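Residue numbering for the sequence shown follows my numbering, beginning at 371 and increasing consecutively. Glycine included, C-beta positions come from ideal geometry on N, C-alpha and C. Quick caveat, the model's predicted, so the values are computed rather than measured.
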Amino acid sequence: MDYRIREVRREDWRKLRELRLAALADPVAPVAFNERYDVAAGKPASFWEGRAGQSRNGRPITTLVGELPDGAWAGMVVVFVQDAEAHVVAVYLRPAHRGDGLADLLFDAARDWAWARDDVARMRLEVHEGNPRAEAFYRRYGFARTGASTPDPNDLRALEWEMTLERPLPAP
């Protein structure tokens, strides 16, 4: 596939809403996202316009999408910086685009965005123990479990594993 990876702009809010709702309707959503479809679907346009903006709550944040030549969005990743870490959240690829390289392209762009900031020492994400496909991709990309975990806020019997990717040391 021929994808263009780009940042979401405020005027993209309708497409962002549609892609996020598709993510929350996906069968894997209960182990991939902490937000529920019905809650997200009920949010007003102003919420989605704000989410499509480049910063939220004073934190540097970006939403990156994989856009097809016809303008359709095939996937997304959100990255925000807090406490010297680039937190990777809201990773989603439409089913037809899984396994074709889009995840690598999105993560390359997220990594480049994070490493362009001097205040970022590592990338961090959490992966649900019931989502082995996602964890396998993160491991292949270079993320490793830290040993830390937190209970899934939607199912306290399940765990979300913390994984990090350390910033490479500068060449000597």
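Distance between beta carbons of residue j and residue i, contact taken as under 8 Å
i	j	result
A415	L394	Not quite, the Cβ-Cβ distance comes to about 17 Å (not below 8 Å), so this is no contact.
Buried versus exposed, by CB contacts within 10 Å (16 or more), residue i
i	result
A422	buried
R387	buried
F417	exposed
E536	exposed
E530	buried
A506	exposed
L526	exposed
L539	exposed
A402	buried
Distance between residue j and residue i (C-alpha atoms, nearest Å)
i	j	result
L391	M371	23 Å
A442	P400	25 Å
D382	W485	25 Å
R468	V461	12 Å
D440	P542	44 Å
A466	V458	22 Å
N524	R406	10 Å
Beta-carbon gap between residue i and residue j smaller than 8 Å
i	j	result
E499	A518	no
T534	T516	yes
Y373	E437	yes
V435	R376	yes
**Request:** Could you tell me whether the stretch 449 to 461 touches the stretch 482 to 500, where touching means 3 or more Cβ pairs closer than 8 Å?
**Result:** These segments touch.
**Prompt:** For the 8 Å Cβ check, are there 3 or more pairs between the stretch 475 to 487 and the stretch 440 to 448?
**Reply:** Taking one beta carbon from each stretch, the stretch 475 to 487 and the stretch 440 to 448 have 3 or more pairs nearer than 8 Å; the two touch.
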